Each structure stands twice: as C-alpha cells, then as structure tokens.
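Data first, discussion second: the structure below is written as structure tokens.
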Amino acid sequence: MGYRVVVLEADPRSPAGQVADEQIEAAYDDAAALDLLAERCAAVTTEFENVPAGSLERLARRLPVHPSAAAVSVTQERIAEKSFLREQGFSTAEFAPVRQADDVERAIAATGLPAVLKTARLGYDGKGQAVVDSPEEARAAFTRFGGVPCILERRLALETEISVVLARGADGQVVSFPAGENEHRNGILHTTTVPARLPAELAAEAARRASAVAERLGYVGVLGVEMFVADGGRLFVNELAPRPHNSGHFTLDACSVDQFELQLRAL
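Residue numbers (our numbering): 1 to 267.
In structure tokens form, the structure reads like this:
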C-alpha cells in the first residue's frame with residue numbers, strides 16, 4: 001500500500017521486524033523507544049492485546065493510536081472484559097472473580113458446577129485454564145496458577161464456538177467477514193469453517209452483536225469477537241481479541257480485502 005512500517009519489539013528475530021522497514025529493539029514500556037516510535041510514525045496500531053495500556057496512552061498524546069488504550073485495557077483482563085460485556089447488556093456465561101482462595105466457595109455459588117477457572121491475564125490457547133468439578137479442584141487450580149487473580153465461569157452446554165472478525169473506522173462505519181465456526185484441539189484453534197454452519201438468522205444476529213460490542217467499546221481497528229452457541233442455540237459472548245484474529249486468516253486468500261489491510265485502513 002506504499003507505507004513505511006516501523007516495528008517496536010524487543011526480539012531481534014521478530015517476524016514483523018524481519019519484513020518491516022525498520023525495527024526498534026526495545027521493551028513495550030521503554031519510554032525512549034516509545035518516543036522514538038512516535039517521532040518516526042504518523043499513526044500506531046498494535047499486534048496483540050498484551051501491550052501495556054500505559055504505553056498506548058503515552059503514544060496517543062502525540063499521534064493517533066488505534067485501538068485505544070481504553071479499549072485494549074478492557075480486553076486484556078478477563079474480569080474487566082466480562083464485567084464490561086455484562087454491564088453493556090451482552091449475554092455471557094455466569095462468572096465471578098476469584099482473587100484469593102477464600103473467594104472460591106462464593107464464586108461457585110454464583111456460577112454453579114462444572115465451571116472453568118481462568119487466569120484474569122495472559123491466558124491464551126487453553127493456557128491458564130482448568131475445568132473444575134468441585135471446590136477442592138477449584139482451590140487446587142487457583143494454587144497451581146500461582147494465586148494470581150482469576151475468573152470462574154459456568155461451563156456452558158457448548159454446541160459450537162464461532163467468531164466474527166470485523167473492522168470499525170473512526171467514523172463508526174463497520175464491515176465484517178462472515179462468522180467462522182471454530183474447532184479447537186488441546187485448547188488451540190485447529191480449523192475455522194467459513195461461513196459457520198448456522199441458521200441464517202443466528203449468523204446475522206452474531207454479526208449484529210459483534211458490531212454492537214465494537215460500538216460500545218468505541219473501538220477502531222480489527223476486532224475478533226468470540227462467541228459460544230450453547231443452551232439450545234443461544235449466543236454468549238466469550239472473549240474479545242483487539243487485533244487481527246487467527247480465525248480470520250482465511251481472508252488473505254478468500255477475500256478481496258484481508259483483515260490486515262482492514263486494520264491499516266481503519267488506522
């Protein structure tokens with residue numbers, strides 16, 4: 001598209017750095033490196049949700065940053081994410097925070113069993129997650145996770161998992177790809193079938209719900225909205241990915257505009 005690209009990443013062998021015009025080798029919270037990035041760039045976006053929100057706030061004082069620090073901070077902490085979704089009226093699995101071992105019984109009373117205990121931060125591809133069927137298993141999992149803040153979620157009667165990958169511009173315009181049907185193996189996404197094998201009305205509702213999530217977040221950029229179809233065909237929002245999503249990689253070969261180009265267009 002004719003743009004020069006600068007990557008900020010500590011790993012000198014980073015994949016993006018190898019194809020970018022320039023790489024700044026530094027940690028994501030290195031103030032001098034962030035200031036250098038701001039000098040070199042007209043706008044900044046992020047590749048995944050674990051970039052510190054404070055770094056994005058520092059950059060945003062000098063140039064456009066999308067998605068915003070506020071939006072990313074919601075998506076990088078599961079308790080905040082689920083609380084935001086529930087407060088905005090979106091259906092989620094029943095959940096409760098577990099910040100210390102004494103919270104386990106209260107959380108189980110709120111969610112019921114079986115349930116899934118997840119670390120509030122940094123869990124992905126099934127990491128930092130444990131299915132629990134008793135208070136004893138929940139306490140053991142909490143200890144195994146190092147006593148870090150966690151969230152306990154009711155284990156739904158899952159029929160399928162789907163995801164909607166969309167892009168939202170600063171003007172509020174939203175475009176979305178067809179919902180994908182995801183199959184996981186060992187907690188890792190194995191295949192995505194597009195379009196998802198869903199009734200047309202349910203697929204349309206998934207797209208509407210994903211668009212509404214992006215609007216409520218004030219989101220700008222590409223967003224992956226993961227949802228469960230469970231409990232007799234009901235939709236539950238599971239997680240938000242503030243970036244191009246692995247279920248959207250088909251767009252590189254199957255679509256006229258792929259999710260990575262949409263990220264740049266939105267920026």
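Ideal placement from N, C-alpha and C gives every residue a C-beta, glycine not left out. No experiment lies behind these values; they were computed from the predicted model shown.
Here the stretch 200 to 218 makes contact with the stretch 163 to 176; the two share three or more CB pairs at distances below 8 Å. Counting along the chain, residue 194 sits inside no alpha helix (DSSP H), nor does DSSP assign it H or E at all. Per the Cβ contact rule, the stretch 134 to 143 is not in contact with the stretch 74 to 94 (fewer than 3 Cβ pairs under 8 Å).
Inclusion of residue 218 and residue 68 in the CB contact set at 8 Å is warranted, their separation being smaller than that value. Taking a contact to require three or more Cβ pairs closer than 8 Å, the stretch 190 to 198 and the stretch 146 to 157 do not qualify as touching. Going by C-alpha positions, residue 169 is about 14 Å away from residue 244.
Out of 73, 180, 150 and 141, the CA that lies nearest to the CA of residue 203 is found in 180. Between residue 77 and residue 120, the C-beta gap is smaller than 8 Å, which places the two residues in contact. By the C-beta density criterion, residue 17 is buried, having at least 16 other C-beta atoms within 10 angstroms.
Rounded to whole angstroms, the gap between the alpha carbons of residue 158 and residue 59 is 41 Å. Spatial neighbours of residue 80 in its own chain (CB-CB distance under 6 Å, excluding positions within 5 residues in sequence) are listed in chain order as 74. Per DSSP, the unbroken beta strand (DSSP E) holding residue 22 starts and ends at 22 to 24. Each of 255, 210, 229 and 249 was checked against the Cα of residue 88, and the nearest Cα belongs to 210.
Taking 8 Å as the cut-off, the beta carbon of residue 117 is found closer than this to the beta carbon of residue 142.
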